[in-house]
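Counting with the numbering used here, you get residues 22 to 429 for the letters of the sequence shown. Glycine included, every Cβ here is placed at the ideal spot set by N, Cα and C. One structure is given here, and the rest of the page talks about it.
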Amino acid sequence: MKLMHLSDLHIGRRFAGVSLIDDQRHILTQVISAAEREKPDAVLLAGDIYDKPAPSADAVSLFDEFLTELSACCSHVFVISGNHDSAERIAFGGRLMGKSGVYVSPVYGGSLRREILRDEYGPVEIWMLPFIKPAHVRQFDETVDPDDITGAVRQALKMAGMDGAPDGAEEWSEAAEPGEEVTSAELREAAPAGVVRRVLIAHQYVTGAQRSESEETPIGGLDGVDSAVLEGFDYVALGHLHRRQRAGGEHIRYSGSPIAYSFSEAGDPKCLLMVHLDGRGKTAVREEPLLPLHDIRILSGSFDELMSAAHGETGRARQAYIRAELTDEEYIPDGIQRLRTVYPNILELAYPRITSAAGEGAAEEIAAFHTPIEYVEEFFRTMRGREMSRIQRELALEAIREIWEEES
């Protein structure tokens with residue numbers, strides 16, 4: 022069986038204030054082309070479909086377009102909710118869409134959705150585990166430790182009947198007779214090789230995997246799931262982390278986000294995963310590269326060096342989303358605007374030497390040569406890599422006046 026695995030679309034996301042809708046449309050078009058070319062038996066979307074629980078109209082429209090085209094060329098599409106999604110919004114219309122081969126995870130209610138696909142080697146169980154926290158599982162089992170996500174995931178799988186009859190599984194598969202409950206044991210007896218292959222789609226952080234700056238990191242680091250909990254599956258399609266990587270085994274994988282969402286991902290290859298599952302449950306994984314509309318680059322050097330180097334660059338290099346780290350020891354007036362004349366998509370400007378050397382005395386020295394609003398503007402420019410808008414400047418001026426009035 023051939024599976025296509027991708028995750029963390031984050032449709033509607035902004036990068037340093039810039040909308041990425043066009044970038045996302047560009048990459049999703051490549052996903053559709055890959056699906057038409059590869060003809061997978063199923064596509065696994067492992068969560069964080071949207072960037073916000075209440076996505077914008079543009080984001081919803083783009084995903085609707087993508088899902089419609091994807092379902093037209095793939096007979097089975099599986100979608101689970103991630104920590105950025107509203108589980109309720111993702112689940113809406115799930116039973117109706119299931120009739121068209123699009124299966125979405127319901128809001129977690131003490132059970133998991135399971136679908137059964139079949140190929141020439143027999144049945145394949147597709148289990149869908151949306152993003153959960155211990156509190157979600159404690160609603161159905163008070164013995165779950167509120168600080169133990171590994172225990173919560175283990176109990177969620179146990180309650181779903183992973184060791185036998187799916188008492189807690191929601192069996193909605195078109196592969197079975199209407200109303201028929203098919204246990205794993207019954208599937209195993211019917212399988213030609215006596216093997217029931219199992220695939221899990223989940224959106225969690227597996228302990229030891231590598232994070233990037235574009236992901237949310239819970240305070241206290243209590244969100245790590247031990248990979249041993251996932252060993253009962255032949256393939257685990259993970260979402261949540263934005264770098265493609267293995268997570269405790271060859272068959273436990275993050276596909277990573279299809280485009281970069283932070284400068285910490287500069288240089289990271291982006292891809293979707295093509296997974297071949299043989300009759301015995303052995304997997305072979307191939308990376309299918311995805312080419313972004315804009316590359317992500319971090320440039321370092323003096324202001325004059327970057328301005329000079331830019332004249333020798335053309336095409337993708339110049340059009341990339343750029344973070345410039347200036348080695349100058351003094352702030353460059355209107356630095357980001359001047360750099361933007363040669364790097365039109367520069368998004369951030371930083372002064373690492375000044376920032377690292379700045380102490381109380383340095384801050385006082387800088388303030389001595391700036392009016393209060395100029396100091397605020399410079400701070401905003403350094404932190405955000407862009408100029409303040411007219412409204413932001415007016416709000417800052419109002420705040421400055423209020424502070425001075427209180428002090429006087």
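| Asked | Found |
| --- | --- |
| Within the same chain, show all residues whose beta-carbon is closer than 6 Å to that of residue 100, passing over the 5 residues directly before and after it, in chain order. | 66 and 125 |
| For the beta strand (DSSP E) containing residue 145, list its first residue and its last residue. | 143–150 |
| In the DSSP assignment, find the beta strand (DSSP E) that holds residue 304 and state where it starts and stops. | 304–310 |
| Could you compute how far the alpha carbon of residue 80 sits from the alpha carbon of residue 372? | 34 Å |
| Beta carbon of residue 261, beta carbon of residue 231: below 9 Å? | no |
| Quick check on the DSSP output: the beta strand (DSSP E) that includes residue 26 runs from which residue to which? | 23–27 |
| By Cβ distance, which residues of its chain are closer than 6 Å to residue 87, with the 5 residues on each side in sequence left out? | 49 |
| List the endpoints of the continuous alpha helix (DSSP H) containing residue 91. | 78–94 |
| Which of the three DSSP states, helix, strand or coil, is assigned to residue 231? | coil |
| Just list the alpha helix (DSSP H) runs in the segment 39–71, keeping only unbroken ones of 4 residues or longer that don't cross its boundaries, in chain order. | 42–59 |
| Would DSSP call residue 340 helix, strand or coil? | helix |
| Would you call residue 120 buried or exposed, if buried means 16 or more other Cβ atoms sit within 10 Å of its Cβ? | exposed |
| So, are the CB atoms of residue 365 and residue 339 less than 9 Å apart? | yes |
| What do you get for residue 84, buried or exposed, if any count of 16 or more other CB atoms within 10 angstroms of its CB means buried? | buried |
| Can you find at least 3 beta carbon pairs, one from the segment 35–55 and one from the segment 257–277, that sit closer than 8 Å? | no |
| Pull up the distance between the alpha-carbon of residue 374 and that of residue 300, whole angstroms please. | 58 Å |
| Please identify the residue among 247, 316, 178 and 304 whose C-alpha is closest to the C-alpha of residue 335. | 316 |
| How should residue 304 be labelled, buried or exposed, when 16 other C-beta atoms within 10 angstroms of its C-beta is the threshold for buried? | buried |
| Note the first and the last residue of the continuous beta strand (DSSP E) segment covering residue 157. | Looking at the DSSP string, residue 157 is not in any beta strand (DSSP E); the run it does join, the alpha helix (DSSP H), is 155–159. |
| Measure the alpha-carbon distance for residue 21 versus residue 325 and round it to whole angstroms. | Since the first and last residues shown for the chain are 22 and 429, residue 21 lies out of range. |
| Mind checking which residues open and close the alpha helix (DSSP H) that includes residue 324? | 324–331 |
| Please report the straight-line C-alpha distance between residue 131 and residue 176, rounded to a whole angstrom. | 10 Å |
| Under the assumption that residue 59 contacts residue 295 (Cβ atoms under 8 Å), give the Cβ distance between them as a whole number of angstroms. | 6 Å |
| Using only alpha-carbon positions, find the residue among 78, 251, 227 and 52 that is nearest to residue 245. | 227 |
| Whether or not the segment 340–347 and the segment 391–402 are in contact is what I'm after, with contact meaning three or more pairs of Cβ atoms, one per stretch, closer than 8 Å; do they touch? | no |
| Pull up the distance between the alpha-carbon of residue 22 and that of residue 61, whole angstroms please. | 8 Å |
| How is the alpha helix (DSSP H) around residue 177 delimited, first residue to last? | 170–180 |
| Would you say residue 104 and residue 161 are within 9 Å of each other, going by their C-beta atoms? | no |
| May I have the straight-line CA-CA distance separating residue 302 from residue 216, to the nearest angstrom? | 8 Å |
| At what residue ranges does the segment 249–323 contain a whole run of the beta strand (DSSP E), taking only runs of 3 or more? | 256–260, 273–275, 292–298, 304–310 and 317–322 |
| Residues in the same chain with beta-carbon distance under 8 Å from residue 313, minus the five sequence neighbours each way, listed in chain order, please. | 44, 47, 48, 280, 281 and 291 |
| I need the straight-line Cα distance from residue 134 to residue 275, nearest angstrom please. | 21 Å |
| Would you please state the rounded distance, in angstroms, between the beta carbons of residue 221 and residue 251? I believe it to be under 8 Å. | 7 Å |
| When burial is assigned at 16 or more other CB atoms within 10 Å of the CB, is residue 147 buried or exposed? | buried |
| Spatial neighbours of residue 42 within its chain, please: C-beta separation below 6 Å, excluding the five flanking residues on both sides. | 79 |
| Give the C-beta separation of residue 264 and residue 277 to the nearest angstrom, bearing in mind that I take them to be a contact with Cβ-Cβ under 8 Å. | 5 Å |
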